[in-house]
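K.L.:
Just add 5 to wherever you are in the sequence shown, counting from 1, and you've got my numbering.
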Amino acid sequence: MCECIGVNWSGDLCDKCSETYYGSDCLPLITVLQVVPNQGSDKGGTVVHVWGHNFPDLTGHIYICKFGSERESMEHGKLGTMSRVLHHSTKKGSIFLDVSPNGTDFTNNKIIFTYYATCPQGACGRHLDPPRGQCLFGGCSCNLPWTGDGCTIELLAPKIIPPEESQYVVEGTKYQYGLNLTQGNLPVRWELNQYPVGMTIDDRTGQVEWDFTISTLTHHMITATVTNIIGKIVISSYSKRIKVLPALTDPLSPSSFSVTYYPYSDDIGIISAVASHPVEPSGNGAFNWTVLGIRCSPHYVKWNAVIENSTVVFKNITSLVNVGDQPIFNISSRVDGISGTYFQSPKMSKARPLNGRIYIIFSTLEGTETRLQVNMQFSVRKPLLVFAPTSIRENIVRGTQKILDVQVHNDGEVAAKDVIVSLPNDNRLSLVSFKTVDSLNSNENNDGITISPNEVAMMSLVVTTGLNDGLGR
């Protein structure tokens, strides 16, 4: 082993530099070890601290730090540290930090400082209500349905071009039909929900194909759905029923006959009745009438919400669709409750949590009617008081007093009002004060206080033990 001469060298063979000494000659060179934080906004304004060794005391204690090509003066503090608020702005990216006592000779320790990008004021639509997005490290993270570099492009839900009402094809031939959109952002996904056996659809293009068609007495009912990231729409093909009714000859009038037609519940549109003799191919003089119809799309919704400001408002929960072929006027609506419903009005009190079901009835004076079923589950925002600590165990000398402090946190979403302390009927325990942390009033009279959300109240209790109290809990 070697005995090293001087403090510069260390190690068994005196071939290593002692701590705070650097270089091939182990000299007390100015050395930067760390910068905290090691990143900041490209707008400046970041407070940085530089740690290192061998920062000599200078007149005025001012060093020059070079952040890339930008220079900043920094004040030399204790324990080899310097601090400074960065006032300049620069482009995002990483640069080297170097330090110099004279502005000429800089260190070269390869300490990296990174500038991250920030967004301009009002970027990403974050000032709008509701906000379109938020800024993350200079870029916009958009909320649907908004997209684009600045969250300025609105994505649209798909809408299908209505197909032809009646289509005819010869049995055994190939059927092809292309479904198209009037609006909607790509990509979309097409799907058949109700269709005859053998029919397919291209999930990307909406091309419907049926290699071998099969005839039926009634029209085929086909339902297709198209979906994108925003929403979906369902469209159905035109359909009609053909029903043959037996005719009964009137025994009192052999020249006349009668039939009774019992309509289906969803008979809507033009109803046509044609009479013909069995040996005749068809009859003339068809009798037509129109049945009006409206439907809710969707016809059933489930609504979960929190009651705020005493009322709950339903918006855009369904669409009322005229499914007939004639316009319908003077449609009115009403709300009907059934068993288990606590109200008969669209406005609801926040007196207690509510759940149940209502039917919203749409009708006309002529009798056209449909209904929307709404299943609801509402909750009310409440305060939540939590003790800290939840329990106390103390050793108290007989004949003395001890004050116990307990924090009461409101972890709920609304303020807790008129909060008081109830103590057991024991003269050894009494209330000294009960107040919020920022309040100047001790409230020793235990008047009701208000604890706002995330606010803390302090409860101080005094325990008095007698000289002759027995040992134990």
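For each residue, glycine too, the CB sits at the ideal point set by N, CA and C.
Since I believe Val468 is in contact with Leu409 (beta carbons under 8 Å), could you give me their beta-carbon distance rounded to a whole number of angstroms?
P.N.:
Yes, they are in contact, since the Cβ atoms of Leu409 and Val468 sit about 6 Å apart, within 8 Å.
K.L.:
Buried or exposed for Thr441, please, with buried defined as at least 16 other CB atoms from any protein chain shown within 10 angstroms of its CB.
P.N.:
With 16 or more Cβ atoms within 10 Å of its Cβ, Thr441 is classed as buried.
K.L.:
Of all the options Gly155, Gly143, Tyr120, Thr178, which has the alpha carbon lying nearest to the alpha carbon of Pro136?
P.N.:
Among Gly155, Gly143, Tyr120, Thr178, the Cα nearest to that of Pro136 belongs to Gly155.
K.L.:
Could you give the distance in angstroms between the alpha-carbon of Gly28 and the alpha-carbon of Ile100?
P.N.:
So the two alpha carbons sit approximately 23 Å from each other.
K.L.:
Just the Cα atoms here: how many angstroms apart are Pro394 and His58?
P.N.:
Roughly 46 Å separates the two Cα atoms.
K.L.:
Do Thr228 and Asn198 have their CB atoms nearer than 8 Å?
P.N.:
Contact: yes.
K.L.:
Throw me the rounded Cβ distance for the Gly143 and Ala122 pair, which I believe falls under 8 Å.
P.N.:
The pair is a contact, with the Cβ atoms about 2 Å apart (cut-off 8 Å).
K.L.:
Tell me the DSSP bridge mates of Trp138?
P.N.:
As written in the sequence, residue 138 is Gly, which differs from the Trp given in the question. Bridge partners of Gly138: Cys147.
K.L.:
Excluding the 5 residues flanking Gly236 on each side, which residues of the same chain have their C-beta closer than 6 Å to its C-beta?
P.N.:
Within the same chain, Gly236 has close Cβ partners Ala162.
K.L.:
What do you reckon, are the CB atoms on Pro167 and Ile240 nearer than 8 Å?
P.N.:
Their beta carbons are under 8 Å apart, which means Pro167 touches Ile240 by this criterion.
K.L.:
Suppose contacts are defined by Cβ-Cβ distances below 8 Å. Is Thr470 in contact with Arg433 by that definition?
P.N.:
Yes, these two residues count as a Cβ contact at 8 Å.
K.L.:
Buried or exposed for Gly177, please, with buried defined as at least 16 other CB atoms from any protein chain shown within 10 angstroms of its CB.
P.N.:
It is exposed - the Cβ of Gly177 has fewer than 16 other Cβ atoms within 10 Å.
K.L.:
Indicate the three-state DSSP secondary structure (helix, strand or coil) for Cys129 in the structure shown.
P.N.:
Helix, per DSSP.
K.L.:
Return the chain-ordered list of same chain residues with a C-beta closer than 6 Å to the C-beta of Pro388, the five sequence neighbours on each side being excluded.
P.N.:
Result list for Pro388: Asn415, Gly417, Val419, Ala421, in chain order.
K.L.:
Could you tell me the distance, in whole angstroms, from the CA atom of Asn473 to the CA atom of Ile401?
P.N.:
About 13 Å.
K.L.:
Candidates Trp14, Glu460, Asn185, Ile312: which alpha carbon is nearest Asn360's?
P.N.:
If we check each option's Cα against that of Asn360, Ile312 comes out closest.
K.L.:
What does a CB cutoff of less than 6 Å around Val193 pick up in its chain, not counting 5 residues either side in sequence?
P.N.:
Contacts found: Pro163, Val231, Asn233.
K.L.:
Have a look at Cys7, Glu75, Phe334 and flag the residue whose alpha-carbon is nearest the alpha-carbon of Asp47.
P.N.:
With distances taken between Cα atoms, Asp47 lies closest to Glu75.
K.L.:
Indicate the three-state DSSP secondary structure (helix, strand or coil) for Thr469 in the structure shown.
P.N.:
Reduced to three states, the DSSP call for Thr469 is strand.
K.L.:
With DSSP collapsed to three states, give me the class of Ser354.
P.N.:
With a pLDDT of 44 at Ser354, under the threshold of 50, the predicted position of this residue should be treated as unreliable, though the coordinate-derived value follows. Coil.
K.L.:
For Asp341, which beta-bridge partners are listed by DSSP?
P.N.:
Answer is Tyr364, bridged to Asp341.
K.L.:
From the DSSP output, which residues share a beta bridge with Phe392?
P.N.:
Beta-bridge pairing links Phe392 to Val413.
K.L.:
Could I get the ranges of all uninterrupted beta strand (DSSP E) runs contained in the segment 429-459, with 3 residues as the minimum, in chain order?
P.N.:
Taking only runs of at least 3 residues, the beta strand (DSSP E) segments lying wholly in the segment 429-459 are 434-441, 454-456.
K.L.:
Looking only at its own chain, which residues have a Cβ that is under 8 Å from the Cβ of Cys140, when we skip the five neighbours before and after it?
P.N.:
Here the set comprises Thr123, Cys124, Ala128, Cys129, Arg131, Ser146.
K.L.:
Nearest CA to the CA of Pro303: which residue from Thr295, Asn293, Ile322, Asn309?
P.N.:
The candidate whose alpha carbon is nearest that of Pro303 is Ile322.
K.L.:
Can you have a look at Cys7 and say buried or exposed, based on whether 16 or more other CB atoms are within 10 angstroms of its CB?
P.N.:
With fewer than 16 other Cβ atoms within 10 Å, it is exposed.
K.L.:
Who are the near neighbours of Val391 in its chain, counting only those whose CB is closer than 6 Å to its CB and skipping five residues on each side?
P.N.:
These residues qualify, in order along the chain: His414, Asp416.
K.L.:
Given that a residue counts as buried once 16 or more other Cβ atoms are within 10 Å of its Cβ, and exposed if not, what is Met226?
P.N.:
It is exposed - the Cβ of Met226 has fewer than 16 other Cβ atoms within 10 Å.
K.L.:
Who pairs with Asn380 in a beta bridge, going by DSSP?
P.N.:
Answer is Lys307, Arg362, bridged to Asn380.
K.L.:
Let's see if you can read the secondary structure: which residues bound the beta strand (DSSP E) around Ala291?
P.N.:
Counting along the chain, Ala291 falls outside any beta strand (DSSP E), and DSSP gives it neither H nor E.
K.L.:
Who are the Cβ neighbours of Thr455 in its own chain at under 6 Å, not counting the five residues just before and after it?
P.N.:
So the list reads Ala420, Lys422, once near-sequence residues are dropped.
K.L.:
Which residues bound the beta strand (DSSP E) around Ala229?
P.N.:
First-last of the beta strand (DSSP E) with Ala229: 228-232.
K.L.:
At what residues does the beta strand (DSSP E) containing Pro259 begin and finish?
P.N.:
258-263 is the span of the beta strand (DSSP E), which, as asked, contains Pro259.
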